[in-house]
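Chains as they are written, first to last, in the working numbering: chain A, 1 to 443; chain B, 1001 to 1061.
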């Protein structure tokens, strides 16, 4: 075995391991974490005992599906017990916990996330894979325009920047205008933000500072928190606004930073399969999906996180496998990144619908602004999809021509017709971090 | 950088040695926090080396 150049990969040993060997490594690590969870967490022991599963039942890949999946609600129930605030989900003595974070709680009680120092090092290691694959090096000065807090967002990004040798500038307490000026003053080469904020910062740069964002000479932008960097039209808008390369990655508090786009930009994100097991399962029957181009729900295991392991966690995210990437990594690619949430994939007028496809259409029309809102309502028994958009100021566009083009593309992409409303530029909601542009009011 | 299996095995052996030496430091510390806590950090780094290299060694040709 000969390992390729060390400069191209963070870890050429694991990132180019043959699929067969990678699968063998994954199975070994999967068994190890299942045993750890069962032996050290009352939550996993109860879950597995109730399902009649024992770690020694894991003899081959066929047995993986026998391991019960973990729901977010399982964490919540387990954490209602002592020791506060982690309860039965904790796998180490409380005094070994050095890091606290929590989920946002948008779907209920927040999940508390403990990490040991080694777990925290692991989080940063996961991110080092991400940064290196996207070209971050010790010549970069990375600005993080975000106030780190009880949520996991950007903490690991910050420390992983240090790990790969970047100079990292925390821009948390500043407002958008001050952040832009600081980026300009320090000649930052890169920054990290949600796609919503990347576009919002570009708009603020033009409107408030009268500076073309391209003049800041940002070379690369790492996106998080929303799928926009894997939506081609949104990615294009961000790249054109900043004159920079925009990369996607995916992570979550309970899971870790588990997937990343590389500089070959395969139209998707590599799953870090040395550190995570991603299973795609059919949305209807739960069967494992191995073939490309078929959407499935993402069940995910983090192999090496110990304080509160994440084993066959039902992420509620939807994705599909794509073609191998030319970068040489053998880690599989999720085509188009995370395609949405299971709870956002819904039927409209009997047609299976994902809001991401509307984003792709709106942002492919240059005469339209970045913001939009999609609202689903019912009129009698009929679903009504209302799309609110803004015309880009100064575009000189004929509203009727834009309307026709928008309707045509939406019909083509989603198979649905929409009630389209044009709103005055700047009147649709603006978001600072994650956007909430989809509202299903039918229930 | 090119690395063959032999080199990677040697790297894994050194990683194992690092773990052993660091754990020995902790045994000798007599509870000195400046040793114990810094060793805890070193061991987290050693674990990353194990995850990146040692774990994979048995699967290399």
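All C-beta atoms, glycine included, are put in the ideal place defined by N, C-alpha and C.
Item: I'd like the list of long-range same chain contacts for residue 118(A), defined as Cβ closer than 8 Å, with 5 residues on each side in sequence excluded.; Value: 306
Item: Would you mind sorting residue 241(A) into buried or exposed? The rule is 16 or more other CB atoms within 10 Å of its CB.; Value: buried
Item: Is the Cβ of residue 1010(B) closer than 7 Å to any Cβ of chain A?; Value: no
Item: Residue 4(A) to residue 12(A), Cα distance in whole Å?; Value: The pLDDT assigned to residue 4(A) is 48, lower than 50, so where the model puts this residue is not dependable; a value taken from the coordinates is nonetheless given after this. Roughly 6 Å between the two C-alpha positions.
Item: Note the first and the last residue of the continuous alpha helix (DSSP H) segment covering residue 1012(B).; Value: 1005-1028
Item: Return the residues of the stretch 1031-1043 of chain B that lie within a Cβ-Cβ distance of less than 8 Å from chain A, sorted by chain order.; Value: 1040, 1041, 1043
Item: Roughly how many angstroms separate the alpha carbons of residue 72(A) and residue 398(A), rounded to a whole number?; Value: 48 Å
Item: Give the DSSP-derived three-state secondary structure of residue 320(A) in the structure shown.; Value: coil
Item: Please compile the residues from chain A whose C-beta is within a distance smaller than 9 Å of the C-beta of residue 1020(B).; Value: Those within 9 Å of residue 1020(B) in chain A number zero; the least Cβ separation is about 17 Å.
Item: Let's see if you can read the secondary structure: which residues bound the alpha helix (DSSP H) around residue 30(A)?; Value: 19-40
Item: Straight-line CA distance for residue 370(A) to residue 1018(B)?; Value: 53 Å
Item: Between the alpha carbons of residue 352(A) and residue 346(A), how many angstroms are there, rounded?; Value: 6 Å
Item: In the DSSP assignment, the alpha helix (DSSP H) including residue 444(A) goes from what residue to what residue?; Value: A question about residue 444(A) goes unanswered here, because the residues of chain A that appear run from 1 up to 443.
Item: Taking residue 104(A) as the reference, give the member of 433(A), 437(A), 388(A) with the closest Cα.; Value: 433(A)
Item: What in chain B is Cβ-close to residue 21(A), meaning under 7 Å?; Value: 1059
Item: Taking 7 Å as the cut-off, decide whether the C-beta atoms of residue 1051(B) and residue 304(A) are in contact.; Value: yes
Item: Among the candidates 431(A), 168(A), 320(A), 268(A), whose CA atom is the shortest distance from the CA of residue 291(A)?; Value: 320(A)
Item: For residue 1056(B), go through chain A and note every residue whose CB falls closer than 7 Å to its CB, in chain order.; Value: 13, 14, 17, 25
Item: Listed in chain order, which residues of the stretch 124-141 of chain A have Cβ atoms closer than 8 Å to some Cβ of chain B?; Value: 125
Item: Using a beta-carbon distance cut-off of less than 9 Å, what residues from the stretch 289-305 of chain A approach chain C?; Value: In the structure shown, chain C does not exist; the protein chains are A and B.
Item: So who's on the other strand from residue 222(A), going by DSSP bridges?; Value: 192(A), 247(A)
Item: Buried or exposed for residue 1013(B), please, with buried defined as at least 16 other CB atoms from any protein chain shown within 10 angstroms of its CB.; Value: exposed
Item: Give the interface partners of residue 1053(B) over in chain A, defined as CB-CB distance under 7 Å, in chain order.; Value: 13
Item: Give the secondary structure of residue 1(A) by DSSP, where H, G and I count as helix, E and B as strand, and everything else as coil.; Value: Any reading at residue 1(A) must be qualified, since the residue scores a pLDDT of 45, below 50, and its modelled position is unreliable; no value is offered.
Item: Under the rule that 16 or more other beta-carbon atoms within 10 Å means buried, what is residue 1054(B), buried or exposed?; Value: buried
Item: Give a yes or no on whether the minimum CB-CB distance between residue 1049(B) and chain A is below 7 Å.; Value: no
Item: Since residue 241(A) meets chain B, which of its residues come closer than 9 Å, beta carbon to beta carbon?; Value: Going along chain B, no residue has its Cβ under 9 Å from residue 241(A), so there is no contact; the nearest lies around 36 Å.
Item: Is any beta-carbon of chain B found at less than 7 Å from that of residue 307(A)?; Value: no
Item: Which value, in whole angstroms, describes the spacing of the CA atoms of residue 390(A) and residue 425(A)?; Value: 5 Å
Item: Output the boundary residues of the alpha helix (DSSP H) element that contains residue 358(A).; Value: 355-362
Item: Whole-angstrom Cβ separation of residue 275(A) and residue 126(A), contact assumed at under 8 Å?; Value: 6 Å
Item: Residue 145(A) and residue 448(A) - do their beta-carbons sit closer together than 7 Å?; Value: This structure cannot settle anything about residue 448(A), because the visible part of chain A is limited to 1 through 443.
Item: For residue 344(A), which of helix, strand or coil comes out of DSSP?; Value: coil
Item: Contact between the stretch 206-224 of chain A and the stretch 61-81 of chain A is defined here as three or more beta-carbon pairs at a separation below 8 Å; is this criterion met?; Value: no
Item: Between residue 255(A) and residue 1021(B), what straight-line distance do the alpha-carbon atoms span, to the nearest angstrom?; Value: 32 Å
Item: DSSP has residue 143(A) in a bridge; who is on the other side?; Value: 169(A), 191(A)
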